[in-house]
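**Student:** Below is one structure. I have some questions about it.
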Amino acid sequence: MAGADASSGRVLVVEDDAAIGGDLVAALAGAGYEVRWAQSGYAARGHIAELAPELVLLDLGLPDEDGIDLCQDLREQLPDLLLVVVTARSDESDAVRALDAGADDFVTKPFRTEELLARLRAHLRRAPAQDSDTLRLGRLTVDSRARRAWLDETELALRPKELELLEVLASAAGTAVRREQLMDQVWDENWSGSTKTLDVHVASLRRKLADAGDRWDRIATLRGFGYRYELD
Ligand code: CA
Numbered sequence: 000m001a002g003a004d005a006s007s008g009r010v011l012v013v014e015d016d017a018a019i020g021g022d023l024v025a026a027l028a029g030a031g032y033e034v035r036w037a038q039s040g041y042a043a044r045g046h047i048a049e050l051a052p053e054l055v056l057l058d059l060g061l062p063d064e065d066g067i068d069l070c071q072d073l074r075e076q077l078p079d080l081l082l083v084v085v086t087a088r089s090d091e092s093d094a095v096r097a098l099d100a101g102a103d104d105f106v107t108k109p110f111r112t113e114e115l116l117a118r119l120r121a122h123l124r125r126a127p128a129q130d131s132d133t134l135r136l137g138r139l140t141v142d143s144r145a146r147r148a149w150l151d152e153t154e155l156a157l158r159p160k161e162l163e164l165l166e167v168l169a170s171a172a173g174t175a176v177r178r179e180q181l182m183d184q185v186w187d188e189n190w191s192g193s194t195k196t197l198d199v200h201v202a203s204l205r206r207k208l209a210d211a212g213d214r215w216d217r218i219a220t221l222r223g224f225g226y227r228y229e230l231d
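The opening position of the sequence shown corresponds to residue 0 in numbering that gives the first Met the number 0, with each subsequent residue numbered one higher.
Encoded structure:
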């Protein structure tokens, strides 16, 4: 019985490896998703029109085209589509290229199916933009107007830039945020100093969250790209 954990949503798996693709499709269908499987870029483009998926799980190494190109095209056509790229662990630079091309997230092979499903669920239930000044996400509360933040009942003693960083990262929870975007939004477009200041602020923010009882790895570092506020 699927019960309370039943998932819903339309997912397209783009994967040419028969074993990996077959397992993924079975796992996703078992979890309640409406799922299609494309084994080439050409087939993927067809399914996109037909299925109108909410999420695409995209292997970068496709037989007929570079997955990065497909990623870029999908992002241009469908700005709201959730794009999760699957790549070999040895090709971290590909993951960064994919994020640059518009992917929301990436997973590396080999991955545990359960872990992947949890990530997809998190993406699919990602809250739409908050309409109030208060952001609530798990144990975290951020009141933008009052410029205060709490983990459970514990108020976090954050410096102004740390609070702003937390706001930007937490409101994009589960997705990678580029360093440049953080620099632009939290500092300003004309910032000409070292982006080292960003790392220092993130380190401090991470420590303050952990001191209040949060995961020490709440804010993940994506080397060469930026940061991601991790969902539970
Ligand atoms: Ca492949």
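Just so you know, even glycine gets a beta-carbon here, dropped at the ideal spot from N, CA and C.
1. At a threshold of 6 angstroms, does D72 count as lining ligand 1 (C-beta to nearest heavy atom)?
2. Is the beta carbon of L164 less than 7 angstroms from the beta carbon of L136?
3. Between the Cα of A37 and those of E91, A117, L61, D216, spot the shortest distance and give me the residue it belongs to.
4. Skipping 5 residues on each side, what residues in its chain have a beta carbon closer than 6 angstroms to that of A128?
5. Roughly how many whole angstroms lie between the Cα atoms of L27 and P159?
6. Closer than 5 angstroms between the C-beta and any heavy atom of ligand 1: which residues qualify, listed along the chain?
7. If you compare alpha carbons, which of R144, D63, A172 is closest to I218?
8. Tell me whether P78 is buried or exposed, calling it buried when 16 or more other Cβ atoms sit within 10 Å of its Cβ.
9. According to DSSP, is L50 part of a helix, a strand, or is it coil?
10. Between which two residues does the alpha helix (DSSP H) harbouring D183 extend?
11. So what does W149 bridge to, in DSSP terms?
12. Below 8 angstroms, can you find three or more Cβ-Cβ pairs linking the region 45-65 to the region 86-105?
13. Excluding sequence positions up to five away, which residues of its chain have a Cβ less than 6 angstroms from the Cβ of R9?
14. Going by DSSP, name the residue or residues bridged to L228.
15. Rounded to a whole number of angstroms, what is the C-alpha to C-alpha distance between A126 and R120?
16. Here's a check: name, in chain order, each residue in its chain whose Cβ is nearer than 6 angstroms to the Cβ of E303, leaving out the five neighbours to either side.
17. Identify which residue in R118, V141, A97 has its Cα closest to the Cα of I67.
**Tutor:** The structure says:
1. no
2. no
3. L61
4. Residue placement at A128 is poorly supported in this model, since its pLDDT is 44, which falls under 50; the coordinates still yield a value, given next. No residues qualify anywhere along the chain.
5. 42 angstroms
6. D15, D58, G60
7. A172
8. exposed
9. helix
10. 178-185
11. T140, E154
12. yes
13. E33, L50, P52, E53
14. Checking the sequence shown, residue 228 turns out to be Tyr, not Leu. I218.
15. Because A126 carries a pLDDT of 43, less than 50, the predicted location of this residue cannot be relied on, and the following value inherits that uncertainty. Those two C-alpha atoms are separated by around 12 angstroms.
16. The question about residue 303 has no answer, for the chain in this structure spans 0 to 231.
17. A97
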